[in-house]
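These notes concern the structure reproduced below.
In this note's numbering, the protein residues as written are 5 to 194.
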């Protein structure tokens, strides 16, 4: 009986180790589209495409929002959606409620990057922690240059990324669609 318990315990540990390895995978990605194409900053399912009455606090002109929910099974490496310059980074403490809920954008812990795209407009990319995620990693700071599709951060286990666009950027995805970070085109710049 003890040997059977040992095997069960070992199998459970191996299963946990495989899940952690699955979570931290980081496949190479080649962005689709052209230099006007905005790629997804996260793997996952688009849970919202909205026009907002007012823009994001970092960029009042950014009045359209695309929200991407990452389940614990998705790749959690975040990638830059455009070529550009990081004008500011703003971390905000908050709650850890379910990231797929609409209120997570306003209430959960988050880290926002204001990026001045090489094409001339500004977007905001917000990393949002979920109920299981308790850690946001951002490897770029103010003044950093980012390249479309390049890695810039990570959010641990089940989380969300919101992207805010000005009205002259055309959103090309809809709610329910699955996207891949650094690869799937989610919008077209002017």
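Each residue gets a CB set at the ideal place from its N, CA and C atoms; glycine is no exception. All of these numbers come straight from a predicted model, not from anything done at the bench.
- At a Cβ-Cβ threshold of 9 Å, residue 69 and residue 89 do not count as neighbours.
- Judged by DSSP in its simplified three-state form, residue 46 adopts coil rather than helix or strand.
- A straight line joining the alpha-carbon of residue 97 with that of residue 121 spans about 27 Å.
- Its Cα nearest to that of residue 72, the residue 133 stands out among 123, 133, 111 and 172.
- In this structure, the beta-carbon distance from residue 45 to residue 84 falls below 9 Å.
- In this structure, residue 126 and residue 170 form a Cβ contact; the two beta carbons are roughly 7 Å apart against a cut-off of 8 Å.
- A Cβ-Cβ separation of about 5 Å places residue 152 in contact with residue 86 under the 8 Å criterion.
- Shown here, residue 75 sits in coil according to DSSP, grouped into three states, outside any helix or strand.
- Between residue 155 and residue 81 the beta-carbon gap is near 5 Å, inside 8 Å, which marks them as a contact.
- Only buried fits residue 33, as 16 or more other CB atoms lie within 10 angstroms of its CB.
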